[in-house]
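Trainee: Using UniProt numbering, read the sequence shown as starting at 1 and increasing by one per residue.
Right, I'll just put the structure down here and ask away after.
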Amino acid sequence: MTWLITGGAGYIGAHVARAMAGAGESVVALDDLSAAVPERLPAGIPLVAGSTLDGSLLKRVFAEYGVTGVVHLAARKQVAESVAEPTRYYRENVGGLATLLDAVAEAGIGRLLFSSSAAVYGNPDVELITEDTPCAPVNPYGETKLAGEWLVRAAGRAHGISTVCLRYFNVAGAAEPELADTGVFNIVPMVFDRLTRDEAPRIFGTDYPTPDGTCIRDYIHVADLAEAHLAAARRLAGGDLTGDLTLNIGRGEGVSVRELITVIGEVTGDRRAPVVEGRRPGDAPRAVASAERAAEELGWRAGRGVPEMVASAWRGWQLHHGK
């Protein structure tokens, strides 16, 4: 097997590339470099600059590197941006995937792993979200991920491609400091950014129907997520999977915003009290995965806890921000 990883120089993509290459898989990365750090990739992994919207480029890459499987992570992924620019999100996330699937089918590639998201579920009122929980996304980003799943399964049926869709929950941490997330869009780097600017963390809403009144989420270490991709790729390569497999990727444990900020204070040594602000539109009180199907199908479970996620993310933050 030779795997093409789209978005392979991004935060998650580079972790997946390192995990797969480290386990002996042959890997090539494709990235449009819009949110990439090429230095994240270890020596020996070729990096092709380009977009999944470029069908001619995809065909050349497939032929040049003898690609036999694809891990598709390339996508825009900011909820607020998707609300402001929905056509861009549909064009890049869904249109790019359609172009990729056309090239995959034409090349006779029979295995594809799709990076989806828990955003496909929207805000279900359930204790644990299973893969059978109805999907009702509440923003264009989530809509493009759900449409992507539909497209992946339809193309799989039409062209005999075995597919896996992985629905990520909240990703944090870094396997190595140089691989850390450099964006300030998720809660852990957002709190780090506030502390670095000598400002208190913010909590949006403390009147939710949860034990401490703040939202509860399922956080997964990006290194565990990368190992889940490796397990899924090997399941695809094994040849026993026909059709589609859709799996939640989380820890199956909820952590409240207030609990997470407490852990961040313990790791950073900055324990200042958070500032409470009003709720943000669309925030669900609770979103926690059932992770049992991934364990059954892949033999994979997340092994790293929240303190390890935060500590590894903090080391990366310090490296990238010079503090």
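Heads up, the beta-carbon is just placed ideally off N, CA and C, and yes, glycines get one too.
Look at the alpha carbon of residue 148 and the alpha carbon of residue 307, and state the distance between them as a whole number of angstroms.
Mentor: Within the sequence shown, the letter at position 148 stands for residue 148. Within the sequence shown, the letter at position 307 stands for residue 307. If you take the alpha carbons of residue 148 and residue 307, they lie about 33 angstroms apart.
Trainee: What do you reckon, are the CB atoms on residue 256 and residue 194 nearer than 9 angstroms?
Mentor: Sequence index remark: in the sequence shown, residue 256 carries index 256 (1-based). Sequence index remark: in the sequence shown, residue 194 carries index 194 (1-based). Contact: no.
Trainee: Skipping 5 residues on each side, what residues in its chain have a beta carbon closer than 8 angstroms to that of residue 291?
Mentor: Along the sequence shown, one-based indexing puts residue 291 at 291. If we look at residue 291 and ignore the five residues flanking it on each side, its Cβ neighbours are 248, 249, 250, 251, 252, 301 and 302.
Trainee: Buried or exposed: where does residue 56 fall if 16 or more other Cβ atoms within 10 Å of its Cβ makes it buried?
Mentor: As a first step, residue 56 is located in the sequence shown; it is residue number 56 there, counting from the start. Looking at its Cβ environment, which holds fewer than 16 other Cβ atoms inside 10 Å, residue 56 is exposed.
Trainee: Residue 311: which of 111, 32, 136 and 263 sits nearest, CA to CA?
Mentor: Here residue 311 corresponds to residue number 311 of the sequence shown, with the count starting at 1. Of the listed residues, the one whose Cα sits closest to residue 311 is 263.
Trainee: Excluding sequence positions up to five away, which residues of its chain have a Cβ less than 6 angstroms from the Cβ of residue 66?
Mentor: Indexing the sequence shown from 1 puts residue 66 at position 66. Only 2 meet the Cβ criterion.
Trainee: If we require 4 or more residues per run, which alpha helix (DSSP H) segments fall completely within the stretch 266-303?
Mentor: List check, alpha helix (DSSP H) in window: 292-298.
Trainee: Can you give, in chain order, each stretch of the alpha helix (DSSP H) that sits fully within the stretch 153-218 and has at least 4 residues?
Mentor: Counting whole runs of 4 or more residues, the stretch 153-218 contains the alpha helix (DSSP H) stretches 187-196.
Trainee: Enumerate in chain order the residues of its own chain whose CB-to-CB distance from residue 274 is below 7 angstroms, with the five nearest sequence positions on each side excluded.
Mentor: One-based indexing of the sequence shown puts residue 274 at position 274. 200, 201, 202, 203 and 261.
Trainee: From this set, 28, 244 and 284, which residue's C-alpha is nearest residue 156's C-alpha?
Mentor: The residue labelled residue 156 in the question sits at position 156 within the sequence shown. The candidate whose alpha carbon is nearest that of residue 156 is 244.
Trainee: Under 9 angstroms, do residue 109 and residue 68 count as touching if we go by C-beta distance?
Mentor: The residue labelled residue 109 in the question sits at position 109 within the sequence shown. The residue labelled residue 68 in the question sits at position 68 within the sequence shown. The answer is yes: Cβ separation under 9 angstroms.
Trainee: Pick helix, strand or coil for residue 48, following the three-state DSSP scheme.
Mentor: Position 48 of the sequence shown, counted from the start, is the residue given in the question as residue 48. DSSP places residue 48 in strand when its eight states are reduced to three.
Trainee: Helix or strand or just coil, what does DSSP make of residue 41?
Mentor: Stepping through the sequence shown from its first residue, residue 41 is reached at position 41. In this structure, residue 41 counts as coil in the three-state DSSP scheme.
Trainee: Would you say residue 227 touches the ligand NAD, meaning its beta carbon is less than 8 angstroms from a heavy atom?
Mentor: Ligands in the displayed structure: none, and consequently the ligand NAD is not present.
Trainee: Relative to the alpha-carbon of residue 70, which residue among 161, 79 and 80 has its alpha-carbon at the smallest distance?
Mentor: Working through the sequence shown from its first residue, we reach residue 70 at position 70. Comparing Cα positions, the closest option is 161.
Trainee: Let's test the definition: count the other Cβ atoms within 10 Å of the Cβ of residue 266 and tell me whether it reaches 16, buried, or not, exposed.
Mentor: On the sequence shown, position 266 is the one that residue 266 refers to. Residue 266 should be labelled exposed.
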